[in-house]
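J.:
Number of protein chains: 2
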Amino acid sequence: MAQKPSIPKGTRDFSPSEVSKRNYIFDIVKKHFRTFGFQPIETPSFENSDTLMGKYGDEGDRLIFKILNSGDFISKVDDFTYSSKNSSSLTPKISEKALRYDLTVPFARYVVQHQNEIDFPFKRYQIQPVWRADRPQKGRFREFYQCDADVVGSDSLLQEVELVQLYDSVFTELELKGVKIKLNNRKILAGIAEVIGAGNNLINFTVALDKLDKIGEEGVKKEMLEKGISETAIEKASPLFSLNGSNTEQLDKLQYLLSSSEIGTKGVEELRFILEFIEDIGLQSANLSIDVTLARGLNYYTGAIFEVSAPEGVQMGSIGGGGRYDDLTGIFGLKNVSGVGISFGLDRIYLVLEELGLFPKAIEQSLDVLCVNFGEQEALAALRLTTQLRSAGVRADIYPSDAKMQKQMKFANSRNVPHVILLGAQELKDKTFVVKNMANGEQETYNFDAIDDFIAKL
Amino acid sequence: MAQKPSIPKGTRDFSPSEVSKRNYIFDIVKKHFRTFGFQPIETPSFENSDTLMGKYGDEGDRLIFKILNSGDFISKVDDFTYSSKNSSSLTPKISEKALRYDLTVPFARYVVQHQNEIDFPFKRYQIQPVWRADRPQKGRFREFYQCDADVVGSDSLLQEVELVQLYDSVFTELELKGVKIKLNNRKILAGIAEVIGAGNNLINFTVALDKLDKIGEEGVKKEMLEKGISETAIEKASPLFSLNGSNTEQLDKLQYLLSSSEIGTKGVEELRFILEFIEDIGLQSANLSIDVTLARGLNYYTGAIFEVSAPEGVQMGSIGGGGRYDDLTGIFGLKNVSGVGISFGLDRIYLVLEELGLFPKAIEQSLDVLCVNFGEQEALAALRLTTQLRSAGVRADIYPSDAKMQKQMKFANSRNVPHVILLGAQELKDKTFVVKNMANGEQETYNFDAIDDFIAKL
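Line order of the protein sequences matches chains Z and L. For the first sequence, my numbering assigns the number -19 to the initial residue and increments by one for each residue that follows. For the second sequence, my numbering assigns the number -19 to the initial residue and increments by one for each residue that follows.
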């Protein structure tokens, strides 16, 4: 007997209801991507290994899924390498392709490869799955979708302003009111490190600072000390932990604190530009606030850093993030192309909408009308009706066999169909059909040629 | 210096224009899937190897992309296997997962795994990429989308009728009028083989017959002879090559020819049911015709066999196909679940629409309005306008820097934008903006508060 089938750990099947809910999110995100002038691209699921390897650090390299070469791959391994029986040296000999790990590196590769066909500045969006050989755990999968919008070829801060607006537009239409968009700038982090005398220890400083949410002020200070940042420096950085007031007040304080740092002052100016534009135009439902402890994989970003968290009261990590990176395409030999982008965390947004009951009820309804099947001649008439309904865009179906009425109605209930059509021998003779409203049980009779009246009521 | 990046052979990047055209097709297909009562599912990109291996024949097994195990995969290979240095014996030891090869086997796996959550009959559609390590050539890729609709859990011929209607609805909305839907039935093929005395050689008989299009009548006869089918049998089959007349006339001839075969007679009855229903209801633009030489990987199908070809005059292989298979889920231990399904060949449909110029012109327009950037203050006002336009669903953008007018207009032209907004110092003072129609060069001036008038004209 066959074994009960299963899927690899960390992967998921999506049921009709789940696909519909995911598409509800995707469709809204895509709509706003498009109104903001972003264009879609798609790249292959696997890339040449040398496109991906070495771009995500050692840990990333380890988590990239490699594809085994086809055919008699082993015969191409030289005896010396083979005799070592070492996975690391063998891998590049038996695998030349790998599943994409994120959408950013393939996008950079795309921009460089197609630079002569692209009109810069290029605003692209991309919604595709990525794969990571991570240890699966709650909310962490080996296959998941990324959903990115990036602009390359422009260093204008207008892009940052628009990306804040884009977050606001999407979350407002998703009815997820009150998301918190946190904003920082790598230059401010660099400025702080410089001012407190930890400029040569910027990475350790910001990695520690980034953990404020999780380990608290004392934890951060302890880590900084362990990483060789002096007590004096940490003391000087203390005001950062208690930066408060309005965005403008915080900016003013930062400007004062960082006045001796050129890069820090530049960072404050950039933040101020974005905040003033947003204040002038206004947001629909999101809240934008400065967070100088925000770093998000700092090595990557060179300017603005964004992170979005769910509204107050919902326990969930970030549901979006992004920032500016000044040399996206340098890794593939195209220098001086500045980029800035954001991403939406689909899986977490899904969980938040589910928790708050924000998915429209209609999503669970996949069929508008079901015709009961009373036998071949009746079914032919019902199929004629069904055909007319479908032509009008109504999602209609006919039960495929003349099973017992009870069975057919059970099916209608489990499919959550709002209207059932009854067209039996008598109706066929009368050229009529009966519509049963499944919510209140009411029935209404229509003539065959009055189907438009029924459609109009739907 | 970095090497110019490339992608693996047989894979593709899709540009914004290509993605938009592909989505145009997908969106229409999905819309009709839904009105016909089909529901979407999605399955993981990779499956456990034992789910896929052995399901597509030896050739299929060879073409499945295998994923290398993570970590120190080699240390888990026993010395005996390792010392053989044999790819076939090594593969299962170093790879436990594989990329899906089609959507049918994962669907069968899904149905068995989730049988207790599914309301049968289950009409599902699935549009996802599949991967095959085939030799790439014109029109054949290593990554491509499949687009399938199947019904499982019902042996009613109404499904076949609906699937013909579904093809007709989709191709009609794609403006691809006059596609030819060919219909056959495995039972008819079995009946013919039985009647001519080649019943024990059914596979060879139909494989040869299936090639009639390509190698002609003489070629088919030659192959049959080579495969051990007797000259007498081939002679008896001759009328099949010249079967002509209307569908009804052909059916009558077949009924006569196959009257001594029980299974053949059943096949004729099934074809007649489908044809009579379709004749009664009518098709919008497709033509349905019997083709007794149609086999399509016969081992698979047990009843109806479909194939769609492009309208007369377009040289292209089949753009869709499908059929009934009586034991889809048997491979995973769930017996007696009949299925019937069809698929749409996205890549070929794309090429046909391109060749016939059937993609709507609007697809190439990704932006409705572009605001020229005249500097920071003007840009702020332009961004306010842009924000209002976007809220109204207009795809609008603002050029990110105050580059030279010529450069900005060149960008507008290459993005194919129909309307450009000019909002310079004077307009800012007057609280107006100028809309330039890029097609005819005409300009019109609006007050800031009359933006709705402009939107109404779009």
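The beta-carbon is built from N, C-alpha and C at its ideal position, and this holds for glycine as well. Here the structure is a predicted model, which means the values were calculated and not measured.
Curious, which full-length beta strand (DSSP E) runs of at least 3 residues does the segment 54 to 99 of chain Z contain?
T.: Listed in chain order, the complete beta strand (DSSP E) runs (minimum 3 residues) inside the segment 54 to 99 of chain Z are 77 to 79.
J.: Taking the alpha-carbon of GLY179/L as reference, which of TYR280/L, LEU238/L, ARG328/L, LEU402/L has the nearest alpha-carbon?
T.: Walking along the second sequence from the start, residue 179/L turns up at place 199. Nearest C-alpha to GLY179/L: LEU238/L.
J.: Show which residues of chain L have a CB atom less than 9 Å away from the CB atom of ARG80/Z.
T.: Along the first sequence, one-based indexing puts residue 80/Z at 100. Within 9 Å Cβ-Cβ: nothing; ARG80/Z doesn't reach chain L, min ~11 Å.
J.: Could you round the C-beta distance between PHE102/Z and VAL132/Z to whole angstroms and report it? I think they count as a contact, below 8 Å.
T.: Taking the first sequence and counting its residues from 1, the one referred to as residue 102/Z is at position 122. Taking the first sequence and counting its residues from 1, the one referred to as residue 132/Z is at position 152. Contact flag correct, Cβ pair sits at about 5 Å.
J.: Which residues of chain Z have a Cβ atom closer than 9 Å to the Cβ of SER0/L, listed in chain order?
T.: For the purposes of this step, residue 0/L is taken as the residue at position 20 of the second sequence. In chain order: GLN19, PRO20.
J.: Within the continuous alpha helix (DSSP H) that includes LYS315/Z, where are the two ends?
T.: Here residue 315/Z refers to the residue found at position 335 of the first sequence. Unbroken run through LYS315/Z: none, as it is neither H nor E.
J.: Give the interface partners of GLN139/L over in chain Z, defined as CB-CB distance under 8 Å, in chain order.
T.: Position 159 of the second sequence, counted from the first residue, corresponds to residue 139/L. Residues of chain Z passing the Cβ test: PRO380.
J.: By the DSSP assignment, the alpha helix (DSSP H) with PHE434/L in it spans what residues?
T.: Position 454 of the second sequence, counted from the first residue, corresponds to residue 434/L. Run containing PHE434/L: 431 to 437, per the alpha helix (DSSP H) assignment.
J.: Quick one: complete alpha helix (DSSP H) runs, 4+ long, within the segment 12 to 50 of chain Z?
T.: Segments of the alpha helix (DSSP H) lying fully in the segment 12 to 50 of chain Z: 29 to 32, 37 to 43.
J.: Since LEU263/L meets chain Z, which of its residues come closer than 9 Å, beta carbon to beta carbon?
T.: Looking up residue 263/L in the second sequence gives position 283. Neighbours of LEU263/L on chain Z: none; closest Cβ ~10 Å, over 9 Å.
J.: Along chain L, which residues have their Cβ under 8 Å away from the Cβ of GLN93/Z?
T.: For the purposes of this step, residue 93/Z is taken as the residue at position 113 of the first sequence. Result: LYS(-16), PRO(-15), SER(-14), ILE(-13), ASP(-7).
J.: Within the continuous beta strand (DSSP E) that includes VAL131/L, where are the two ends?
T.: For this step, residue 131/L is matched to residue 151 along the second sequence. Where VAL131/L is concerned, the enclosing beta strand (DSSP E) stretches over 123 to 132.
J.: Where does ASN228/Z land, buried or exposed, given buried means 16+ other C-beta within 10 angstroms?
T.: As a working mapping, residue 228/Z is identified with position 248 in the first sequence. The question names Asn, yet the displayed sequence has Thr at residue 228/Z. Exposed: under 16 other Cβ atoms inside 10 Å.
J.: What residue from ASN417/Z, ASN393/Z, ALA362/Z has the CA that sits closest to ALA405/Z's CA?
T.: Within the first sequence, the letter at position 425 stands for residue 405/Z. Out of ASN417/Z, ASN393/Z, ALA362/Z, ALA362/Z has the C-alpha closest to the C-alpha of ALA405/Z.
J.: Determine the chain L residues that contact SER50/Z at a beta-carbon separation under 7 Å, and present them in chain order.
T.: Taking the first sequence and counting its residues from 1, the one referred to as residue 50/Z is at position 70. Those within 7 Å of SER50/Z in chain L are ALA113.
J.: Output needed in chain order: residues of the segment 383 to 399 of chain L with a Cβ under 7 Å from some Cβ in chain Z.
T.: Those would be PHE391, SER394, ARG395, in chain order.
J.: Please report how far the alpha carbon of TYR36/L lies from the alpha carbon of LEU347/L, in whole angstroms.
T.: Here the question's residue 36/L lines up with position 56 in the second sequence. Here the question's residue 347/L lines up with position 367 in the second sequence. Distance between the alpha carbons of TYR36/L and LEU347/L is about 45 Å.
J.: For ILE209/L and ASN316/L, what's the separation of their Cα atoms in angstroms?
T.: On the second sequence, residue 209/L is found 229 positions in, with the first residue counted as 1. On the second sequence, residue 316/L is found 336 positions in, with the first residue counted as 1. Answer to the nearest angstrom: the Cα atoms are 33 Å apart.
J.: Enumerated in chain order, which unbroken segments of the alpha helix (DSSP H) with a length of 4 residues or greater are wholly contained in the segment 384 to 414 of chain Z?
T.: Entirely contained in the segment 384 to 414 of chain Z, the alpha helix (DSSP H) runs reaching 4 residues are, in chain order, 385 to 394, 405 to 410.
J.: Which residue marks the beginning of the alpha helix (DSSP H) containing GLU198/L, and which one marks its end?
T.: Counted from its first residue, the second sequence places residue 198/L at position 218. Where GLU198/L is concerned, the enclosing alpha helix (DSSP H) stretches over 192 to 206.
J.: Given this structure, state the Cα-to-Cα distance separating ALA359/Z from ALA376/Z, to the nearest angstrom.
T.: The sequence position of residue 359/Z within the first sequence is 379, counting from 1. The sequence position of residue 376/Z within the first sequence is 396, counting from 1. The alpha-carbon atoms of ALA359/Z and ALA376/Z are separated by roughly 14 Å.
J.: Using DSSP's beta-bridge definition, name the partner residues of LEU347/L.
T.: In the second sequence, residue 347/L corresponds to position 367, counting from 1. LEU347/L pairs with nothing; no bridge assigned.
J.: Shorter than 7 Å from the beta carbon of MET(-19)/L to some beta carbon of chain Z?
T.: One-based indexing of the second sequence puts residue -19/L at position 1. With a pLDDT of 42 at MET(-19)/L, under the threshold of 50, the predicted position of this residue should be treated as unreliable, though the coordinate-derived value follows. MET(-19)/L counts as touching chain Z.
J.: Among GLY158/Z, VAL159/Z, LYS162/Z, ASN184/Z, which one has its Cα closest to the Cα of ALA170/Z?
T.: The residue you call residue 170/Z lines up with position 190 of the first sequence. When each option's Cα is compared against that of ALA170/Z, the closest is ASN184/Z.
J.: If I measure Cβ to Cβ from ARG328/Z and keep anything under 6 Å in the same chain, skipping five residues before and after, which residues do I get?
T.: In the first sequence, counting from the first residue as 1, residue 328/Z sits at position 348. Within the same chain, ARG328/Z has close Cβ partners MET296, ILE299.
J.: Could one say the Cβ of LYS157/Z lies closer than 7 Å to chain L's Cβ atoms, at least one of them?
T.: Taking the first sequence and counting its residues from 1, the one referred to as residue 157/Z is at position 177. Judged by the 7 Å Cβ criterion, LYS157/Z is not in contact with chain L.
J.: Going by DSSP, what residue range makes up the beta strand (DSSP E) through GLN423/Z?
T.: Against the first sequence, residue 423/Z aligns to sequence position 443. It spans 423 to 427 - the beta strand (DSSP E) in which GLN423/Z sits, taken as one unbroken run.
J.: For a test of the three-state rule: what should DSSP assign to VAL110/Z, helix, strand or coil?
T.: The residue given as residue 110/Z occupies position 130 in the first sequence. VAL110/Z falls in the strand class under three-state DSSP.
J.: For ARG(-8)/Z, which of helix, strand or coil comes out of DSSP?
T.: Within the first sequence, numbered from 1, the residue matching residue -8/Z stands at position 12. Residue state, collapsed to three classes: coil.
J.: Run through the DSSP bridge pairs and tell me what LEU268/Z is partnered with.
T.: Walking along the first sequence from the start, residue 268/Z turns up at place 288. For LEU268/Z, which the question treats as bridged, DSSP gives the partners ILE161/Z.
J.: Between VAL(-1)/L, GLY321/L, ALA290/L, which lies nearest to ALA266/L when the distance is taken from Cα to Cα?
T.: What you label residue 266/L is simply residue 286 of the second sequence in a count that begins at 1. Closest by alpha carbon: ALA290/L.
J.: If LYS162/L sits next to GLY244/L, beta carbons under 8 Å apart, how far is it from one beta carbon to the other, in whole angstroms?
T.: As a working mapping, residue 162/L is identified with position 182 in the second sequence. As a working mapping, residue 244/L is identified with position 264 in the second sequence. Going by Cβ atoms, the distance from LYS162/L to GLY244/L rounds to 19 Å, so no, they are not a contact pair.
J.: Only counting the same chain, and skipping five residues up and downstream in sequence, which positions put a Cβ closer than 8 Å to that of ASN224/Z?
T.: Along the first sequence, read from residue 1 onward, the residue named residue 224/Z stands at position 244. Excluding residues within five positions, the ones whose Cβ falls inside 8 Å are GLN230.
J.: Anything in chain Z within Cβ reach of THR282/L, meaning under 7 Å, just list it in chain order.
T.: Position 302 of the second sequence holds residue 282/L. Within 7 Å Cβ-Cβ: nothing; THR282/L doesn't reach chain Z, min ~17 Å.
J.: Let's test the definition: count the other Cβ atoms within 10 Å of the Cβ of PRO(-4)/Z and tell me whether it reaches 16, buried, or not, exposed.
T.: Residue mapping note: residue -4/Z aligns to position 16 of the first sequence, counting from 1. Looking at its Cβ environment, which holds 16 or more other Cβ atoms inside 10 Å, PRO(-4)/Z is buried.
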